[in-house]
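Visitor: Residue numbers for the sequence shown follow this note's numbering, so the first one is 1058 and each next one is one higher.
No residue lacks a Cβ here, since even glycine has one placed at the ideal position from N, Cα and C.
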Amino acid sequence: MRVILMTGKGGVGKTSVAAATGLRCAELGYRTLVLSTDPAHSLADSFDLELGHDARQVRPNLWGAELDALQELEGNWGAVKRYITQVLQARGLDGIQAEELAILPGMDEIFGLVRMKRHYDEGEFDVLIIDSAPTGTALRLLSLPEVGGWYMRRFYKPFQNISVALRPLVEPIFRPIVGFSLPDKEVMDAPYEFYEQIEALEKVLTDNTQTSVRLVTNPEKMVIKESLRAHAYLSLYNVATDLIIANRIIPKEVEDPFFKRWKENQEQYRQEIHENFHPLPVKEVPLYSEEMCGLAALERLKETLYQDEDPTQIYYKETTIRVVQENNQYSLELYLPGIPKNQIQLNKSGDELNITIGNHRRNLVLPQALAALQPSGAKMEDDYLKIRFADIGKV
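1) Would you call the stretch 1289 to 1309 and the stretch 1262 to 1276 in contact, with 3 or more CB pairs under 8 Å?
2) Three or more C-beta pairs under 8 Å: does that hold for the stretch 1275 to 1295 against the stretch 1418 to 1428?
3) Taking just the CA atoms, how far does E1383 sit from L1427?
4) Just checking, does the stretch 1090 to 1102 make contact with the stretch 1179 to 1190 on the three C-beta pairs under 8 Å criterion?
5) Going by beta carbon distance, what residues of the same chain come within less than 7 Å of E1156, once the five residues before and after it are set aside?
6) Taking contact to mean 3 or more Cβ pairs, one atom from each stretch, closer than 8 Å, check whether the stretch 1433 to 1446 and the stretch 1306 to 1322 are in contact.
7) Between the Cα of D1344 and those of Q1323, N1333, P1336, K1138, spot the shortest distance and give me the residue it belongs to.
8) Can you name, in chain order, every residue of its own chain whose Cβ lies under 7 Å from the Cβ of A1289, other than the five neighbours on each side?
9) Nearest-angstrom Cα distance between L1393 and E1107?
10) Secondary structure at V1452, three-state DSSP: helix, strand or coil?
11) First and last residue of the beta strand (DSSP E) that includes I1401?
12) Would you give the residue range spanned by the beta strand (DSSP E) that L1090 belongs to?
13) Give the straight-line distance between the Cα atoms of E1243 and E1131, rounded to the nearest whole angstrom.
14) With distance defined between alpha-carbon atoms, name the residue in Y1363, L1262, L1062, D1440 nearest to E1375.
15) Helix, strand or coil for A1112, going by three-state DSSP, please let me know.
16) Kindly indicate the opening and closing residues of the alpha helix (DSSP H) around Q1364.
17) Go to M1245, then tell me how far its beta strand (DSSP E) extends in each direction, as first and last residue.
18) Judging by CA-CA distance, which residue of P1240, S1433, S1099 is the nearest neighbour of G1068?
19) To the nearest angstrom, how far is it from the Cα of M1437 to the Cα of F1168?
20) Compute the beta-carbon to beta-carbon distance between A1077 and K1359, rounded to the nearest angstrom, for a pair I have assumed lies under 8 Å.
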């Protein structure tokens, strides 16, 4: 299965791009599902159709769905939810409040991952296009397998075994005092089984022959900076970005004086997008004179984006940014083919690394692990600029 994740800052148009990409994939004969995991769903509005938790056919070879966290919670973690509700009710909350609080913060994001894994395992579709949550939320999901793995292996699994063994002995004393039971085996097993699904999904997300991220951005300062930060963090988690889509560019034929300043600013930011994401390919999409709602509008967007292309292709295969940790030392590796080291100048300002190559300048927003460090050396090797970082006090 080909997995394509569309993400970007909220409001940049990633849902429209995801829907248009789905149209083109279906047109080429791929059985395609466009799945919205963004809590603020707008995929149904984009298709101008009612969509729900289960996949609904939009046209031949194309289905759409919007994740319902409550349904996914019940199906995957129903026993845990019921137990948390029981505990909260014993502490004096009424039924509705207890039910609501049983849905822990971030659960909808986690279940987006579980839903992805289920579709991948079932193999019903050839292409899965994820209309993802805005970048900040989406990127937190990528850390779940790594963080959850440490917690589950070193803390939860031993605690689970002890809890199950002690439950028959402690339960007769425990329940009359506190008003609720200790968790049974079903409740204790659910989180670990859940973690195993997410850990398996990590292998899919980090396989760049199957999974790619498409970053949707706008020619605006704040949006570009957010996209650069997203690209750096995606690389930190070894998830490949293969295409940048610059959306809502004011067309040349718009000559109204009101847009003159907007067009001048956009020209500058368009250049920054191409330079800062180089060598990733960039597709530009104009600002349309109408909303991207309904299949007719999405057809026009599809033609602009892809024409005769196959969206399932991998647009760029190299990993453009890599963060490597060896012996408590970090290095940042940038793919800069054909650039001699003597043409490169580096300067760090705050959480940004400024890279100057001749007349071109690239601003790279650093992952948090590197933001507090200073560059301590650099070398070119196999078309990668490898920059070493060290603690400020040790430079």
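Guide: According to the data block:
1) Yes, the stretch 1289 to 1309 touches the stretch 1262 to 1276.
2) Yes, they touch.
3) As a working mapping, residue 1427 is identified with position 370 in the sequence shown. As a working mapping, residue 1383 is identified with position 326 in the sequence shown. Their Cα atoms are separated by approximately 14 Å.
4) Short answer: they touch.
5) Sequence index remark: in the sequence shown, residue 1156 carries index 99 (1-based). These residues qualify, in order along the chain: T1142.
6) At 8 Å Cβ cutoff, the stretches do not touch.
7) The sequence position of residue 1344 within the sequence shown is 287, counting from 1. It is Leu, not Asp, that sits at residue 1344 in the sequence shown. Checking every option, the nearest Cα to that of L1344 belongs to Q1323.
8) Within the sequence shown, numbered from 1, the residue matching residue 1289 stands at position 232. Excluding sequence neighbours, A1289 sits near I1378, L1421, V1422, L1423, P1424.
9) By 1-based counting over the sequence shown, the position of residue 1393 is 336. By 1-based counting over the sequence shown, the position of residue 1107 is 50. Cα to Cα, the separation comes out at about 46 Å.
10) The count along the sequence shown starts at 1 and reaches residue 1452 at position 395. The predicted position of V1452 is uncertain, since its pLDDT is 46 and thus under 50; a value taken from the coordinates is nonetheless stated next. Three-state result, V1452: coil.
11) In the sequence shown, the residue the question calls residue 1401 occupies position 344. Unbroken beta strand (DSSP E) run through I1401: 1401 to 1406.
12) Numbered from 1 along the sequence shown, position 33 holds the residue referred to as residue 1090. That run of the beta strand (DSSP E) goes 1089 to 1093.
13) Here residue 1243 corresponds to residue number 186 of the sequence shown, with the count starting at 1. Here residue 1131 corresponds to residue number 74 of the sequence shown, with the count starting at 1. Counting only the Cα atoms, E1131 lies some 14 Å from E1243.
14) Working through the sequence shown from its first residue, we reach residue 1375 at position 318. For the options Y1363, L1262, L1062, D1440, the alpha carbon positioned closest to that of E1375 is the one of D1440.
15) Within the sequence shown, residue 1112 is the residue found at index 55, counting from 1. Coil, per DSSP.
16) For the purposes of this step, residue 1364 is taken as the residue at position 307 of the sequence shown. Counting along the chain, Q1364 falls outside any alpha helix (DSSP H), and DSSP gives it neither H nor E.
17) Here residue 1245 is taken as the residue at index 188 of the sequence shown, counted from 1. Where M1245 is concerned, there is no enclosing beta strand (DSSP E), although the alpha helix (DSSP H) it sits in stretches over 1242 to 1262.
18) Stepping through the sequence shown from its first residue, residue 1068 is reached at position 11. Closest by alpha carbon: S1099.
19) To locate residue 1437, count along the sequence shown from 1; it is residue 380. To locate residue 1168, count along the sequence shown from 1; it is residue 111. M1437 and F1168 have their C-alpha atoms roughly 42 Å apart.
20) Walking along the sequence shown from the start, residue 1077 turns up at place 20. Walking along the sequence shown from the start, residue 1359 turns up at place 302. Contact between A1077 and K1359 is confirmed by a C-beta separation of about 4 Å, below the 8 Å threshold.
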